[in-house]
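A quick write-up on the structure given underneath.
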């Protein structure tokens, strides 16, 4: 089902990791919002609506969105909040602009690290009777998923090491001095089969994006935007025991919907670059399968041939992805922003040449519970393959 | 461009109580979902997307508790996201469901949620955590003390007395006595309200909403789907949101950005909804209103923000019976938030009650001939406001 009106990303700003501890949360959110609006060429007065995503447990506040109200320019303006996931704020922003009631939207999310233990904060998200006592945090959930993938495809262990090294190298190239190779090893405990150097430690980060209607894009004469060609989102059930963690049916469903909306039948041909949310390289493998990029039986050939490397046919995570820089809660929205910036030719050091169509994938919750897929393109219309 | 019409085709709500020991949190959600689906004549498979309505996680003691509600709403492998704008969450969730359909993404969307405020221990302890940890939490601020300050300011500005506050309680309790789903259904007198213990001057115990447990759900559909399937519906014709500042200090003292006595962002939100619905004279056009007012004094500035009375004029209107069932524009015919507050769905129930009113199915608290209704929700520290116009 195609939306009633086209929408496009016209600006974005990614600030992660944020090392300046003197900056308050309000100042950080003001800075990232202003930077995104500047990138879009808009002022705060030209923003019709705002969707904010934050996590109460990470922030240590109830209704954490409240504190953002002034910083994002929300006073006397229309704010919604999607605490389920940062990427859901983007979904809501697109829907609101597509409804015809808004011309522009600012979407903002952040992820703090001041909590004494993010693991404990995540554990509050486990059901109090069965999972919380395990104890289960998001890395443990990812590890259970990784072990399920490993049981189904034993070759995944070697491939995970290969992908991990590639993502770290990509991160180092994309954000030198920030995402250093192996930087996470010392700060992060592994969870078998996820090894310590496969994940990066949580960092403070914020991201903001500006979405506009096709009418707004035309009126302002914008010629370098990332059109939302397809959007899908879906959820798995809440209990890990109700899932086969070696599969990702919600991601398959999200991709099916996004591809159908984009008129895309062969993602390997149609896409020029992919930004995945992969807390572990095992999740990346699972996403290859669910997104139709590489079936499980093809994993070995495709990964070892380098097809998804920066110089390959379909580069995946040229930014380094979550393995390089991981502001946990807003990392999904950052993937969408990275994909948009690739399409706009604004990705900087990790820009992929001729990236005309990009896929941004976001996953949140235990073991990729929430799945979101965005297909973004330079062209508003036209065949994608 | 004009958005396609969106209708309400199913409504579910619990009989709200102080405790629901018989039902888990997901059970409460499912209870409302089953009612809404039965009312709509649909099954879970007919629902294309879900907007989950849940305000602070800490109220149910589970982080991102919407995840545990996925199966309760039949959300597996479907489009699903959660909305939280504090007390406004319920109406914001209806609005979010509305946008799914208005955008053309879906034909049938459900919004659902539940709360167990009555079993959370103490909601004010949780709600103190909405404020700035350095400056405001230690005061200690709660939503009662926050709105007591609004009441004092309103009384100073417009001459409201504590007896005037009590008369709102008397009106709403009388309305709630007619509504089997309301939590506090016992009628009270002005003297009884005045004699109830002081919580935060001038707010007394009976000026406060209860801590309620229960669920709510609504099914929305596109006009095309409603016509194709020959369903009964009422229509959402106006939707608005508007926000105030976060810091209470910005609403007080010299150079305030907004007067804490009033609700300027609620007024602006109503203006947006009215403009969309083509309502130019709400005092003549609106038949019934469900306004989110958790404390008696806040109903006054809500009535004024909805432009059902001039600033300061709502007090006389309540005293004259203008806003009672049988009056010109009954406000909170269900008993309102003052008699039932399961925070995650309270503002959704405001929309649901208005929908029941304009469809003539409100039962004992039906307002005769209601065709156009308005609803509102307030969230955060009197910060996020959502409004809606619903028509037969």
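Protein chains in written order, with my numbering: chain F, 1265 to 1649; chain D, 811 to 1202.
Virtual Cβ for every residue (Gly too), placed ideally from N, Cα, C.
As the structure is a computational prediction, the values presented were derived from the model and not from experiment.
| query | result |
| --- | --- |
| Taking the straight line between their C-alpha atoms, what separation do you get for residue 1417 of chain F and residue 1563 of chain F? | 9 Å |
| Mind pulling the chain F residues with CB within less than 7 Å of residue 910 of chain D? | 1359 |
| Of all the options F:1287, F:1361, F:1369, F:1630, which has the alpha carbon lying nearest to the alpha carbon of residue 1307 of chain F? | F:1369 |
| Taking 8 Å as the CB-CB cut-off, is residue 1379 of chain F touching chain D? | no |
| Unbroken alpha helix (DSSP H) runs of length 4 or more, entirely within the stretch 981 to 1011 of chain D: which are they? | 1000 to 1005 |
| Give the residues of chain F in contact with residue 1036 of chain D, contact being defined as C-beta atoms less than 7 Å apart. | What residue 1036 of chain D touches in chain F: nothing, since even the nearest Cβ is about 17 Å away. |
| For a contact defined as C-beta to C-beta under 8 Å, what are the partners of residue 1547 of chain F on chain D? | Residues of chain D passing the Cβ test: none, with the nearest at roughly 18 Å. |
| Quick one: does residue 884 of chain D have its CB under 8 Å from some CB of chain F? | no |
| Using the beta-carbon of each residue, which ones in chain F are nearer than 8 Å to residue 1019 of chain D? | The premise fails here: residue 1019 of chain D is roughly 17 Å from chain F at the closest Cβ pair, so nothing lies under 8 Å. |
| Using a Cβ cut-off of 8 Å (strictly closer), state whether residue 823 of chain D contacts chain F. | no |
| Rounded to the nearest angstrom, what separates residue 1200 of chain D and residue 817 of chain D at their Cα positions? | 9 Å |
| Going by DSSP in three states, residue 1374 of chain F sits in which element: helix, strand or coil? | strand |
| Use the C-beta contact count for residue 876 of chain D: other C-beta atoms within 10 angstroms, 16 or more gives buried, fewer gives exposed. | buried |
| Starting from residue 1056 of chain D, find everything on chain F with Cβ-Cβ shorter than 7 Å and list it in chain order. | 1330, 1331, 1333, 1334 |
| Thinking C-beta only, is residue 941 of chain D closer than 8 Å to residue 775 of chain D? | A query on residue 775 of chain D cannot be resolved here, the shown segment of chain D reaching from 811 to 1202 and no further. |
| Determine the extent of the alpha helix (DSSP H) in which residue 1548 of chain F is found, giving its start and end residues. | 1545 to 1554 |
| Roughly how many angstroms separate the alpha carbons of residue 1450 of chain F and residue 1460 of chain F, rounded to a whole number? | In this prediction, residue 1450 of chain F has a pLDDT of 45, which is less than 50 and means its spatial position is unreliable; what the coordinates show is noted afterwards. Whole-angstrom Cα-Cα distance: 8 Å. |
| Mind listing, in chain order, the continuous beta strand (DSSP E) runs of no fewer than 3 residues lying wholly within the stretch 1404 to 1457 of chain F? | none |
| Report yes if the CB atom of residue 1170 of chain D is closer than 8 Å to the CB atom of residue 1176 of chain D, and no otherwise. | yes |
| Taking Cβ positions only, does residue 1338 of chain F come closer than 8 Å to chain D? | yes |
| Any beta carbon of chain F sitting closer than 8 Å to that of residue 1191 of chain D? | yes |
| In chain order, which alpha helix (DSSP H) runs of at least 4 residues are fully inside the stretch 1025 to 1113 of chain D? | 1033 to 1038, 1074 to 1087, 1092 to 1095 |
| Mind checking the stretch 1307 to 1322 of chain F against chain D and listing, in chain order, the residues whose C-beta falls within less than 8 Å of any C-beta there? | 1313, 1319, 1320, 1321 |
| Based on Cα-Cα distance, which residue from F:1277, F:1375, F:1266, F:1301 lies nearest to residue 1288 of chain F? | F:1375 |
| Rounded to whole angstroms, what's the CA-CA distance from residue 1639 of chain F to residue 1532 of chain F? Just pull it up for me. | 13 Å |
| Is the stretch 1020 to 1029 of chain D touching the stretch 841 to 852 of chain D, taking contact as three or more C-beta pairs under 8 Å? | yes |
| Alpha carbon to alpha carbon, how far is residue 1362 of chain F from residue 1496 of chain F? | 15 Å |
| Answer yes or no: do residue 857 of chain D and residue 918 of chain D have a C-beta to C-beta separation smaller than 8 Å? | yes |
| My understanding is that residue 1593 of chain F touches residue 1504 of chain F, with C-beta atoms under 8 Å, so please give their C-beta distance in whole angstroms. | The Cβ separation is near 20 Å, so there is no contact. |
| Just to confirm my understanding: we take residue 1083 of chain D, look at its own chain, exclude 5 residues before and 5 after, and list those with CB closer than 7 Å. What are they? | 1048, 1049, 1050, 1197, 1198, 1199 |
| Helix, strand or coil: which one does DSSP assign to residue 1394 of chain F? | coil |
| Taking residue 893 of chain D as the reference, give the member of D:1167, D:1165, D:1158 with the closest Cα. | D:1158 |
| DSSP puts residue 1466 of chain F in a beta bridge; with which residues? | F:1590 |
| For residue 1155 of chain D, count neighbouring C-beta atoms within 10 Å of its own C-beta (all shown protein chains included) and say buried if the count is 16 or more, exposed if not. | buried |
| Residues of chain F with CB closer than 8 Å to the CB of residue 868 of chain D, please, in chain order. | 1320, 1326 |
| Identify each residue in the stretch 1495 to 1511 of chain F for which the Cβ-Cβ distance to at least one residue of chain D is less than 9 Å, and report them in chain order. | 1495, 1496, 1497, 1498, 1499, 1500, 1501, 1502, 1503, 1506 |
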